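S.K.: Starting off with a structure, shown below.
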């Protein structure tokens, strides 16, 4: 499994998939429209992007589902 395969997953499923592959060194960033600043999230949010990071292995970008 490639790490980019989790794009589109719910956050809970994505965390489980990464954990089963031994990937635990990542952090989560929430993205939203400019008028709706949101820092809280739950396992129902969706993974919209993932990228390499300098500090941790990956940055997982998530958003609130519609």
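In the working numbering, the protein residues as written are 132 to 197.
Even for Gly, the Cβ is constructed at its ideal location relative to N, Cα and C.
These numbers come from a predicted model, not from an experiment.
Between the beta-carbon of residue 188 and the beta-carbon of residue 137, is there less than 8 Å?
M.R.: Residue 188 is not a Cβ neighbour of residue 137, given a cutoff of 8 Å.
S.K.: Rounded to a whole number of angstroms, what is the C-alpha to C-alpha distance between residue 162 and residue 149?
M.R.: 20 Å
S.K.: Could one say the Cβ of residue 133 lies closer than 8 Å to chain C's Cβ atoms, at least one of them?
M.R.: This model lacks chain C altogether; it includes just one protein chain.
S.K.: Can you tell me where the alpha helix (DSSP H) holding residue 99 begins and where it ends?
M.R.: In the structure as shown, the chain starts at 132 and stops at 197, and residue 99 therefore has no counterpart that could be examined.
S.K.: On a Cα-Cα basis, can you pick out the residue from 142, 135 and 181 that is closest to residue 171?
M.R.: 142
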